[in-house]
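Residue numbers (this note's numbering), protein chains in the order written: chain A, 23 to 297; chain B, -2 to 246; chain C, -5 to 408.
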């Protein structure tokens, strides 16, 4: 709904019960006088416009058309060696606070013993590696990298009261740090624990798929850093890529699929114990 | 219908409040809000303009820079390890190579992050037990980080298959050498994925030691014997028994 | 930031099991527990008032105006914990300027504004208008000016105008009841709609919140009525008090039934989260939920009120008053702890369903105990001021008959 319609509707709804339906008309008139001029121009010019103009106010890098991309990532659990270079590179690339309480991505280790008991740990997100686990009788043990799943149906975007977090046309969920009010509803709504409150900026923060890199044709820092290609980043709108190969031949899983968040980070080799 | 006096009086504060709200809205909603969706469109550009710290794997092999190192690296085991994994973010170095240098890790602290033995690491990945591996020498004394072939080929399988070895060590098969069941070409130590060891083909292999009436090689007389013809004749042994820890009960 | 890191490092030592690394910081603390408590009182007090105005429960007349002023006093303070809690307090207006239509929290600004202006202030205005005019006639500056200004300088006391006032109050109460339901129901929806959190995600959450709001609102007005009667040396109208006790009892029974239903439903379905939630209940929430909310805040007042109800005719007035005071205080404690158990309880376990965490409130600071107590006391201060400007007492009414002097006490009474 554009600004003018919203304001007129609101003015009408406030005025009716007081028995002043004529105020609705006045409200509409007032609204049209007080809304910014750009609103009118925008609403008229929306259809049939060349794409360049639609993204003009976004100020993206030269020549970058967001609607031509849809980013996704595949994580191959069987390949992960738990070195934590991804989590380390992410913090360095994105200026994430170094304290062990804030992570845009992290690595978890799962160890199952022959009785079916599962132990999960993630010391400092895996950045310093993992200590050996005591005890014997291990059955299955593996590492699982985690990050924001850049959902297609993101519950965090749904609950943001002000529109500070949003899904871009190229499928990345971002946070506008100059608009976020720090209410933390998005952090509560994320089922994957991917969000945190930045201790200095006091706004919500999370993995951005290194938006500043991918819009310039680079890979996200975690993908750059992974020595065993456990993380495979790609563009779903590109017909041939390593990601497409995995999507074609892999047996894929997502985390918490029953919540219907439609994550765009898919996993191969995911174990039943992973939450 | 005559409008009651109270209603007329009330309309004054109502108009003030609504008018104030509309005026505030015209002033306070940010300029690009709503252009693409329910958010500030300018935020896209702001986030896309954030500084880059990692230059990317392709930035080092530029002519007159580190082409030679890259050539060495691309032929060795670390071909998949991007330069910045060990040397740290290098975007600033790429912009100003003379004045901004990257770090060169020389101590024993970085390599073990990937290579110290952890059960959870996939089998086939080279791992060491740090405390017993040539303490306190720095790793790069024996291993060129850009072509990390060890000074001598590993004599045992535990270098890359420690988990299997550690299971086998406490099992009933502890006296068996790995090569008893797996014929391993020497080239496997140099190019493991290209020259794979063999795996036993069928039941008869296990029957060499375990079939009733056979005399196993190497005097392994206490190997449990069973009637191979009646013991699940249609299956392969390893469909039930884990060969590296074959305890049946 | 250093104190934050220290408290997080301390919290990490008390993690039991596995939590996602980011979950170590508990985001919605004491202040966010206060907010549903305050809006619950607002909605509950209004519902009580509407029982008198709309459903013609005549015995409640002495508390009608008190309920309305209580509702207003608490509503004026309701936004404080929210704005105080924001990471950027100065950006609070964004919720009104660009509300996200899919967010329940965004509704807050408009529901609040609507309820405050179109329901509460309007109804109070129409109800008090006649008295404001009559009081102004008898007073001097400054009260004269204040009352005339509050009446928007109207002076029409004709039959027609007064009838319009009455009609307006009834009409506004009619939209006011669903508005009050919305004001507090949406808070329950804010929690109930979070599918990521199995402790919160529930269809029944808005309903439970609403009924516990009604319970706390009735109990609060009841308590305030008794206290203010004491302070004004007026006798408590026992018909009113007994009626309030009945309504409180019925509301509590419904609230209790709903909470038991939620519990039984969870245990019966035994979804994946049941293990960690059972641990949560028995380890972290044992005192606050089982002891405080359930036993002290629900079962004990139910027993007291129930027994007093059954044995009303044989229970002396003084005894009944004592039971009523005790019950209403216990109810307040119980309902607040219910908010605590929902808000904080839902954050004490990991979404990985594998671990539990801790939460320690600070004493000082914006999210501290002292701030919370100040926010709890402030509405009472505001109520005091409102009661001075717009006295809600039956004897303050402009057309009230002065009360007869109390009958002489017989000499043998002791």
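Don't be surprised by glycine CBs; every beta carbon is placed ideally from N, CA and C.
- Contact check for residue 201 (chain A) against residue 179 (chain A) fails: the beta carbons are separated by 8 Å or more.
- For residue 135 (chain C), the secondary structure class from DSSP, reduced to helix, strand or coil, is coil.
- For residue 182 (chain A), the residues of chain C that pass the 7 Å Cβ criterion are 94, 97, in the order they occur in the chain.
- The Cβ atoms of residue 30 (chain C) and residue 181 (chain C) sit closer than 8 Å to each other.
- When DSSP reads this structure, residue 130 (chain A) sits in a beta bridge with A:166.
- Among the CB atoms of chain A, one or more fall inside 8 Å of the CB of residue 79 (chain B).
- Per DSSP, residue 87 (chain A) lies in no beta strand (DSSP E) and is assigned neither H nor E.
- With the rule of 3 Cβ pairs closer than 8 Å, the stretch 73 to 85 of chain B counts as touching the stretch 100 to 108 of chain B.
- Under the DSSP definition of a beta bridge, residue 95 (chain A) partners with A:255, A:287.
- Taking residue 156 (chain A) as the centre and dropping the five residues before and after it, the same chain places no C-beta closer than 6 Å to its C-beta.
- From the beta-carbon of residue 123 (chain C), the residues of chain B found nearer than 8 Å are 3.
- Against chain C, a Cβ distance below 7 Å from residue 25 (chain B) picks out 87, 91.
- Bounds of the alpha helix (DSSP H) holding residue 32 (chain C) are 24 to 47.
- In this model, residue 197 (chain B) and residue 262 (chain A) are separated by some 39 Å (Cα to Cα).
- Judged by DSSP secondary structure, residue 189 (chain A) falls within the beta strand (DSSP E) whose first and last residues are 187 to 189.
- Spatial neighbours of residue 82 (chain A) in its own chain (CB-CB distance under 8 Å, excluding positions within 5 residues in sequence) are listed in chain order as 88, 237.
- If you draw a straight line from the Cα of residue 228 (chain A) to the Cα of residue 23 (chain B), it is about 31 Å long.
- Assignment of residue 218 (chain A) by DSSP, reduced to helix, strand and coil, places it in the strand class.
- The shortest C-alpha to C-alpha distance from residue 112 (chain B) to any of A:124, A:134, A:151 is the one to A:151.
- For residue 33 (chain B), the C-beta contacts it makes with chain A under 9 Å involve 76, 77, 79, 80, 88, 188, 190, 191, in order along the chain.
- Around the beta-carbon of residue 379 (chain C), fewer than 16 other beta-carbon atoms lie within 10 Å, marking it exposed.
- By the criterion of at least three beta-carbon pairs nearer than 8 Å, the stretch 48 to 58 of chain C is in contact with the stretch 225 to 241 of chain C.
- The Cβ-Cβ distance between residue 190 (chain C) and residue 213 (chain A) falls below 8 Å.
- Any Cβ of chain C closer than 8 Å to the Cβ of residue 247 (chain A) would place that residue at the interface, and such an atom is absent.
- As the crow flies, the alpha-carbon of residue 105 (chain A) is around 22 Å from that of residue 88 (chain B).
- Each residue's CA atom was taken as its position, placing residue 304 (chain C) and residue 249 (chain C) some 20 Å apart.
- Taking the Cβ atoms as the reference, residue 109 (chain A) lies roughly 32 Å from residue 85 (chain A), outside the contact range of under 8 Å.
- Look at residue 142 (chain A) here: in three-state DSSP terms it is strand.
- For the pair residue 242 (chain C) and residue 205 (chain C), the CB atoms are not nearer than the 8 Å cut-off.
- Secondary structure of residue 33 (chain B) (DSSP, three-state): coil.
- With the rule of 3 Cβ pairs closer than 8 Å, the stretch 3 to 18 of chain B does not count as touching the stretch 186 to 196 of chain A.
- Residue 80 (chain A) sits close to residue 42 (chain B), with the two beta carbons spaced by under 8 Å.
- Within the stretch 22 to 85 of chain B, complete alpha helix (DSSP H) segments of at least 4 residues are found at 39 to 45, 64 to 72, 80 to 84, given in chain order.
- Collapsing the DSSP output to three states places residue 343 (chain C) in a strand.
- Taking each of A:99, A:260, A:117, A:120 in turn and checking the Cα distance to residue 131 (chain A), the smallest one comes out for A:99.
- Contact annotation for residue 155 (chain A) against chain B: 116 [CB-CB distance below 8 Å, chain order].
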